[in-house]
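These notes concern the structure reproduced below.
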Amino acid sequence: MINCNGLIRIRLLSKLLAEFIGTFLLVIASITPVVIDAKYAIGIFPIAFSPGIVVSILIYIFSKISGAHFNPAVSLAFLLEKRINFREFIYYVIVQFLASIPASLLVYHLIGDEGELGSTLPNRELGIAFGFEVLLTVILISIILVVVRANGLKNLGGIIIGLTIAMNIIIGSDISGASMNPARSFGPMIISNNIEYLWIYLSAPFIGSILAVYLFKLKD
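What follows is the structure, encoded as structure tokens:
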């Protein structure tokens with residue numbers, strides 16, 4: 002017979018497995034079209050809608066298991082909203098970052114490393130790129146918080162969040178790379194050795210997440 006502690010461990014492992022699989026697939030969906038675009042110039046829409054569509058599907062598959070974060074900035078928002086505890090937050094973030102590495106390696110070996118392996122890189126002055134990355138993350142986290150707080154929107158949540166990601170990429174890819182997700186940037190930037198600007202994508206999304214939650218608390 003499985004005791005209470007055993008059930009808690011199984012549930013946590015299920016959440017972490019869901020986050021690993023989801024982040025793994027999201028990173029692949031995010032960087033693959035960038036690599037292909039560097040070879041064949043497929044344009045911004047596949048780059049934007051590939052992760053948007055994939056995250057929409059993943060949300061419907063995994064939301065009842067792990068909450069379907071797939072993004073350390075989202076996990077931070079859920080921690081600040083007291084929807085997960087600190088231990089879950091740490092485990093989620095570790096798993097999300099870990100998933101980014103094999104996802105990037107898989108794309109590297111199967112498709113190539115053109116386009117800096119889909120690394121998010123600043124295309125404007127660093128201050129502008131950093132600020133824009135914060136802004137895009139504020140928008141994304143705000144939309145997510147609206148969805149999770151409004152019961153009537155939950156059935157449409159995956160679509161709404163996926164469209165937000167796609168629109169943010171269309172708007173911001175030429176400015177900051179439009180990461181909004183430290184794990185999405187971590188793997189390809191490490192594997193392609195583009196670490197000079199990694200600090201932007203490891204910090205700006207977290208700042209954006211904190212600001213979004215703070216703005217919602219002011220509204221409350």
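Offset between the sequence shown (1-based) and our numbering: plus 1.
Positions of the beta carbon are idealized from the N, C-alpha and C atoms, including for glycine.
> Under a three-way DSSP split, which group does leucine 8 fall into?
Replying inline: Counting from 1 along the sequence shown, the entry for residue 8 is found at position 7. In the structure shown, leucine 8 sits in a helix (DSSP, three-state: H, G or I).
> What residues in its chain sit with their C-beta under 6 Å from that of methionine 2, if we drop five residues either side in the sequence?
Replying inline: Walking along the sequence shown from the start, residue 2 turns up at place 1. Per-residue confidence for methionine 2 stands at a pLDDT of 49, beneath the threshold of 50, marking its modelled position as unreliable; the derived number appears in the next sentence. None.
> Leaving out the 5 sequence neighbours to the left and right, which residues in its chain are closer than 6 Å to isoleucine 11 when beta-carbon positions are compared?
Replying inline: For the purposes of this step, residue 11 is taken as residue 10 along the sequence shown, with counting starting at 1. The answer is none, since no qualifying residue turns up.
>> What does the Cβ neighbour count give for glycine 113, buried or exposed, with the cut at 16 atoms within 10 Å?
In response: Counting from one through the sequence shown, the residue named residue 113 turns up at place 112. That one is exposed.
>> Applying the 10 Å Cβ sphere with the 16-neighbour rule, what's the burial state of glycine 23?
In response: Reading the sequence shown from its first residue, position 22 is the one you call residue 23. So glycine 23 counts as buried.
>> Here's the rule: buried if 16 or more other CB atoms are within 10 angstroms of the residue's CB, otherwise exposed. What is histidine 70?
In response: Numbered from its first residue, the sequence shown carries residue 70 at position 69. Answer is buried; the Cβ neighbour count reaches 16.
> Hey, how far is the Cα of tyrosine 202 from the Cα of glutamate 134?
Replying inline: Taking the sequence shown and counting its residues from 1, one reaches residue 202 at position 201. Taking the sequence shown and counting its residues from 1, one reaches residue 134 at position 133. Each residue's alpha carbon lies about 8 Å from the other.
> Around the Cβ of leucine 137, are there at least 16 other Cβ atoms within 10 angstroms (buried) or fewer (exposed)?
Replying inline: Your numbering for residue 137 matches position 136 in the sequence shown. Leucine 137 comes out buried.
> Of the choices Arg125, Ser105 and Glu126, whose alpha-carbon is the least far from that of glycine 116?
Replying inline: Stepping through the sequence shown from its first residue, residue 116 is reached at position 115. Checking every option, the nearest Cα to that of glycine 116 belongs to Ser105.
>> What residue range does the alpha helix (DSSP H) around alanine 100 cover?
In response: Your numbering for residue 100 matches position 99 in the sequence shown. 87 to 111 is the extent of the alpha helix (DSSP H) around alanine 100.
>> Checking 9 Å against the spacing of the C-beta atoms, do threonine 33 and serine 57 come in under that value?
In response: Here residue 33 refers to the residue found at position 32 of the sequence shown. Here residue 57 refers to the residue found at position 56 of the sequence shown. Here threonine 33 is not near serine 57, since their CB atoms are 9 Å or more apart.
> Taking Cβ to Cβ, would you say isoleucine 48 is nearer than 9 Å to isoleucine 162?
Replying inline: By one-based count along the sequence shown, residue 48 stands at place 47. By one-based count along the sequence shown, residue 162 stands at place 161. No, Cβ-Cβ distance for isoleucine 48 and isoleucine 162 is not below 9 Å.
>> Here's the rule I'm using: 16 or more other beta-carbon atoms within 10 Å means buried, otherwise exposed. How should lysine 16 be labelled?
In response: Counted from its first residue, the sequence shown places residue 16 at position 15. Flag for lysine 16 reads buried.
> So, is tyrosine 93 buried or exposed, given that buried needs 16 or more other C-beta atoms within 10 angstroms?
Replying inline: As a first step, residue 93 must be located in the sequence shown, where it is residue number 92. So tyrosine 93 counts as buried.
> According to DSSP, is methionine 2 helix, strand or coil?
Replying inline: Along the sequence shown, one-based indexing puts residue 2 at 1. Confidence is the limiting factor: at methionine 2 the pLDDT is only 49, short of 50, which leaves the residue's position unreliable and the question unanswerable from this model.
>> Between which residues of its own chain and asparagine 86 is the CB-CB distance below 8 Å, once the five residues before and five after are set aside?
In response: Within the sequence shown, residue 86 is the residue found at index 85, counting from 1. The answer, listed in chain order, is Leu80.
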